[in-house]
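Trainee:
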Amino acid sequence: MGDTYFMPELPEVETVRRGLERTVLDRPIAHVEVFHPRTMRRQPGGEQEFSDILTGATFIATARRGKFLWLPTAAGDAMLAHLGMSGQLLVVPPGGEDPKHLRARITFDDEGPELQFVDQRTFGYLMAERGGAQLPSLVAHIAADPLDESSDEDVLVAALHRRGEIKKLLLDQQVISGIGNIYADEALWRAGIHGRTPGILLSEEKRRELLDHARQVLLDAIAAGGTSFDELYVGIDGEKGWFERSLDAYGRAGQACRRCGEIIVREKWGGRSSHWCPGCQVLPN
Ligand SMILES: [Zn+2]
């Protein structure tokens with residue numbers, strides 16, 4: 005199989021959250037099955053505990069912070085999911101052939117569509133936590149993300165005023181969560197900021213502008229993902245569409261900048277590829 009897996013980032017996780025919101029709430033859980041030990045590696049009591057918490061429970065809401073997704077239950081517990089590198093949460097009619105990399109399955113009393121966790125590379129995981137409905141313990145150290153309605157804009161703007169390079173700050177999940185490499189490059193291009201600019205050199209106004217761009221990039225990606233989102237199948241097609249249509253910096257090395265016509269360059273730093281325009285994203289000296 006020549007499948008390319010794009011690492012799920014905030015827009016993909018948000019698309020999954022919206023899909024689950026429409027498909028798995030208010031349906032009492034009948035059975036829980038786990039097929040791979042790595043899927044349970046964050047669960048202190050393993051599969052037994054996971055199953056004990058969820059069997060008979062009912063999801064009543066969906067929540068997300070950064071790339072963490074959780075489903076509170078009526079009893080005040082929660083199931084937490086992290087998709088890792090290749091994880092997918094699928095809601096499919098029961099009785100079909102199991103996908104090749106099926107790692108867990110949750111079925112419901114109504115015998116309607118079941119929830120499947122499929123994860124080829126097993127960097128993702130599921131976890132159930134008693135009392136975790138408000139904020140699962142694994143999420144407590146994660147900073148707010150730009151789309152979080154409860155997040156304080158001023159706190160995020162202030163958090164970017166640091167000595168570190170602005171791109172590293174955008175990627176630091178303890179500073180601001182949910183902005184991956186692609187979205188960081190796009191937000192920096194839109195704001196006209198070189199990624200190696202120390203955050204401390206950016207004015208409050210510029211940091212606010214960057215944050216606005218980051219938020220808009222994420223919303224654009226969600227909108228692109230949403231167009232191909234099928235109610236019963238949460239796939240990666242949306243991200244493919246987004247890749248093809250909407251990127252201004254990421255993946256455009258050697259092509260002309262859509263704003264100034266300079267050639268976009270790609271450089272590796274900090275273990276990641278960065279794409280930017282030398283014409284309109286100039287490093288201050
Ligand atoms: Zn340019």
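Numbering (the working numbering), first residue to last: 5 to 289. All C-beta atoms, glycine included, are put in the ideal place defined by N, C-alpha and C.
Starting from Phe54, trace the alpha helix (DSSP H) both ways and give me its first and last residue.
Mentor: Per DSSP, Phe54 belongs to the alpha helix (DSSP H) from 50-58.
Trainee: Report whether the distance from the Cβ of Arg263 to the nearest heavy atom of ligand 1 is below 7 Å.
Mentor: At least one heavy atom of ligand 1 is nearer than 7 Å to the Cβ of Arg263, so yes.
Trainee: If contacts are defined as beta-carbon pairs under 8 Å, then Ile180 and Pro150 qualify, I think. What distance do you get, rounded to the angstrom?
Mentor: Going by Cβ atoms, the distance from Ile180 to Pro150 rounds to 7 Å, so yes, they are a contact pair.
Trainee: Would you list the residues sitting across from Thr62 in a DSSP beta bridge?
Mentor: DSSP lists no partner for Thr62.
Trainee: Determine whether the beta carbon atoms of Arg211 and Ile146 lie at a separation below 8 Å.
Mentor: Contact: no.
Trainee: Okay, do the segment 157-170 and the segment 124-135 touch, 3+ Cβ pairs below 8 Å being the bar?
Mentor: Segments in contact, no.
Trainee: Give me the residue from Leu73, Gly283, Ile57, Phe72 with the minimum Cα distance to Asp81.
Mentor: The residue with the shortest Cα to Cα distance from Asp81 is Ile57.
Trainee: At the level of alpha carbons, what is the spacing between Asp252 and Asn185?
Mentor: Whole-angstrom Cα-Cα distance: 13 Å.
Trainee: At a cut-off of 7 Å, would you count Gly283 as near ligand 1, judging by its Cβ distance to the nearest heavy atom?
Mentor: True, at least one ligand heavy atom lies under 7 Å from that Cβ.
Trainee: Helix or strand or just coil, what does DSSP make of Met44?
Mentor: Helix.
Trainee: Would you kindly check if the distance between the Cβ of Ala225 and the Cβ of Tyr187 is under 8 Å?
Mentor: Result yes, Cβ atoms of Tyr187 and Ala225 sit closer than 8 Å.
Trainee: How would you call Ala78, buried or exposed, if buried means at least 16 neighbouring beta carbons within 10 angstroms?
Mentor: Ala78 comes out exposed.
Trainee: Between Tyr129 and Arg263, is the Cβ-Cβ spacing less than 8 Å?
Mentor: For Tyr129 and Arg263, no; Cβs fall outside 8 Å.
Trainee: Name, in chain order, the residues that DSSP records as bridge partners for Thr111.
Mentor: DSSP output for Thr111 lists His35 as bridge partner(s).
Trainee: Could you give the distance in angstroms between the alpha-carbon of Ile197 and the alpha-carbon of Phe72?
Mentor: Computed Cα separation, rounded: 28 Å.
Trainee: Output the distance between the C-alpha atoms of Ala67 and Leu75, rounded to the nearest integer angstrom.
Mentor: Each residue's Cα considered, the two are about 6 Å apart.
Trainee: Can you give the Cα-Cα distance for Leu173 and Leu214, rounded to whole angstroms?
Mentor: Spanning the two alpha carbons is a distance of roughly 12 Å.
Trainee: Take the Cβ of Asp189 as the centre, count every other Cβ of all protein chains shown within 10 Å, and call the residue buried at 16 or more, exposed below.
Mentor: Buried.
Trainee: What residue range does the beta strand (DSSP E) around Asp123 cover?
Mentor: Segment 118-123, the beta strand (DSSP E) holding Asp123.
Trainee: With 16 as the cutoff for other CB atoms within 10 Å, does Phe63 come out buried or exposed?
Mentor: It is buried - the Cβ of Phe63 has at least 16 other Cβ atoms within 10 Å.
Trainee: Quick check on the DSSP output: the alpha helix (DSSP H) that includes Arg68 runs from which residue to which?
Mentor: Unbroken run through Arg68 is the beta strand (DSSP E), 67-69; no alpha helix (DSSP H).
Trainee: For Phe54, count neighbouring Cβ atoms within 10 angstroms of its own Cβ and tell me buried if that reaches 16, exposed if not.
Mentor: Per the 10 Å Cβ criterion, buried.
Trainee: By how many angstroms is the C-alpha of Asp216 removed from the C-alpha of Phe112?
Mentor: Between Phe112 and Asp216, the C-alpha separation is close to 41 Å.
Trainee: Which class does Gly136 belong to by DSSP, given the choice of helix, strand or coil?
Mentor: Coil at Gly136, not helix or strand.
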